[in-house]
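These notes are about the structure you will find just below.
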Ligand code: FPP
């Protein structure tokens, strides 16, 4: 394959996008490394989250411009409540700031907000910001910006399995008749399709209870870059890498 080095936002990228090969329709990102980014700069951890929020804006614009259909971002896991109260409070305020400052542009860019996760124990200001953003962007037909907020995948799978079995029982069928599609229907990501590509930043090689069912056949892309340092060029590198994978879904 012809490879070319070119400059994109201060990064030198080895390769280029092919107009013939498909891009991922659905990209999921585990945005890791905010704390380490801040520590390296002798800043409080929340400074890393704040910069991380700005990167979310940048990558959303870029993914939308490439024609990506769904961008799912892991913003807060059900395990993140274990962090110090100050940090949790800050992470719960971020969606408020993010939506307050970014929704008008999202509407202009035709981006629709979706949020998957447990809403019951979100603070009221976070919940209001989320519901408001969903409402204000519900007519948008471009990129779906899907936040995983207070999300945990094992609990999601158990709830979906229970719902699916209840539905079978109602229809007088046995659990033996349970199919994958019965469970998929009740996943929080239902209707968004499975991620084609998962990106995790900051060098950790694990899934951290994120979309365990949905990532069954996804391509994985790991980078050492901390999320607050992640650029459009890094995203483009992941797209180029994806185009050079051969997806066989268990076939030949
Ligand atoms: C993981 O880094 C990151 C998080 C738990 C929070 C992710 C949140 C953002 C990127 C902010 C954007 C959010 C919205 C709603 C716009 P870490 O803190 O675990 O980093 P570390 O592993 O280096 O400590």
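In this note's numbering, the protein residues as written are 1221 to 1472. Ideal Cβ placement from N, Cα and C applies to all residues, glycine included.
Query, Result
"Does the beta-carbon of residue 1454, which I'm using as the reference point, lie nearer than 8 Å to any heavy atom of the ligand FPP?", "no"
"Put residue 1356 into one of helix, strand or coil per three-state DSSP.", "helix"
"Taking Cβ to Cβ, would you say residue 1462 is nearer than 9 Å to residue 1294?", "no"
"Hey, is residue 1259 close to the ligand FPP, as in C-beta under 8 Å from one of its heavy atoms?", "yes"
"Can you say whether residue 1304 is buried or exposed, counting buried as having 16 or more other CB atoms within 10 angstroms of its CB?", "exposed"
"Please indicate yes or no: does the CB of residue 1291 lie closer than 8 Å to some heavy atom of the ligand FPP?", "no"
"For residue 1224, which residues of its own chain have a beta-carbon under 8 Å away from its beta-carbon, when the five flanking residues on both sides are left out?", "A caution first: residue 1224 carries a pLDDT of 45, below 50, which makes its placement in the model unreliable, though a value can still be read off. Closer than 8 Å at Cβ, skipping near neighbours: 1235, 1236."
"Within the segment 1327-1413, note down every full alpha helix (DSSP H) run reaching 4 residues or more, in order along the chain.", "1344-1356, 1373-1390, 1400-1404"
"Tell me the rounded alpha-carbon separation between residue 1388 and residue 1402.", "9 Å"
"Rounded to the nearest angstrom, what separates residue 1284 and residue 1276 at their Cα positions?", "12 Å"
"For residue 1324, is the beta carbon positioned less than 8 Å from some heavy atom of the ligand FPP?", "no"
"At what residues does the beta strand (DSSP E) containing residue 1282 begin and finish?", "Counting along the chain, residue 1282 falls outside any beta strand (DSSP E), though it belongs to the alpha helix (DSSP H) covering 1265-1286."
"How should residue 1416 be labelled, buried or exposed, when 16 other C-beta atoms within 10 angstroms of its C-beta is the threshold for buried?", "buried"
"Could you tell me which residues DSSP puts in a beta bridge with residue 1420?", "1250, 1442"
"Which of helix, strand or coil does DSSP assign to residue 1298?", "coil"
"Around the C-beta of residue 1297, are 16 or more other C-beta atoms found within 10 angstroms, so that it is buried, or is it exposed?", "buried"
"If you reduce the DSSP assignment to three classes, tell me which class residue 1451 lands in.", "coil"
"Would you list the residues sitting across from residue 1292 in a DSSP beta bridge?", "1248, 1366"
"When you compare only the Cα positions, how much space is there between residue 1243 and residue 1457?", "12 Å"
"Between the C-alpha atoms of residue 1318 and residue 1312, what's the straight-line distance to the nearest angstrom?", "11 Å"
"If you draw a straight line from the alpha carbon of residue 1351 to that of residue 1334, how long is it in whole angstroms?", "9 Å"
"Taking residue 1362 and residue 1331 to be in contact with their CB atoms under 8 Å, please state how far apart those CB atoms are, rounded to whole angstroms.", "6 Å"
"Is residue 1414 near the ligand FPP - that is, is its Cβ less than 8 Å away from at least one heavy atom of it?", "no"
"Sort 1307, 1412, 1322, 1300 by Cα distance to residue 1356 and report the nearest one.", "1322"
"Am I right that residue 1435 and residue 1407 are in contact with their C-beta atoms under 8 Å? What's the rounded C-beta distance?", "Wrong, their Cβ atoms sit about 12 Å apart, outside the cutoff."
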